[in-house]
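Shown next, in structure tokens, is the structure this report addresses.
Residue numbers (this note's numbering): 108 to 210.
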């Protein structure tokens, strides 16, 4: 949803997760252990180890998804921009997608 507190928390979780994966070999090792086996496991793990990954935020909304960031509350936009700056400074990619919430 597009609740301000939840979105800001989500953006902070993404930034914090990236920071931990970048700065801690122990965190990367723990991630490897917890990563389920699957089609993309090896390429995903390699990207994590090489510190070449992207954080993807998918925001469910009942609003018009073509309006993108304008659907977000003001402070959530501020949090997203701050997180984007943090991620760029770490060399981590960022993508935001909007999906229709059909509940």
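Don't be surprised by glycine CBs; every beta carbon is placed ideally from N, CA and C.
Restricting to Cα atoms, I'd like to know which of the options is closest to residue i.
| i | options | result |
| --- | --- | --- |
| residue 163 | 142, 200, 154 | 200 |
Within 10 Å of its beta-carbon, does residue i have 16 or more other beta-carbons around it, so buried, or fewer, so exposed?
| i | result |
| --- | --- |
| residue 209 | exposed |
| residue 145 | exposed |
| residue 190 | buried |
Assuming residue i contacts residue j (C-beta within less than 8 Å), just tell me the rounded distance between them.
| i | j | result |
| --- | --- | --- |
| residue 125 | residue 194 | 6 Å |
| residue 111 | residue 160 | Not quite, the Cβ-Cβ distance comes to about 27 Å (not below 8 Å), so this is no contact. |
| residue 158 | residue 198 | 7 Å |
Cβ of residue i within 8 Å of Cβ of residue j?
| i | j | result |
| --- | --- | --- |
| residue 155 | residue 179 | no |
Does residue i get closer than 8 Å to chain D when you measure Cβ to Cβ?
| i | result |
| --- | --- |
| residue 156 | The structure shown contains no chain D; it holds only a single protein chain. |
Checklist entry - When the Cβ atoms of the region 160-179 are set against those of the region 194-208, are three or more pairs found closer than 8 Å? => result As far as the Cβ criterion goes, the region 160-179 touches the region 194-208, which means the pair count is three or higher.
Checklist entry - Are three or more beta carbon pairs between the region 114-134 and the region 184-195 nearer than 8 Å? => result Inter-segment contact for the region 114-134 and the region 184-195 is present: three or more beta-carbon pairs are separated by less than 8 Å.
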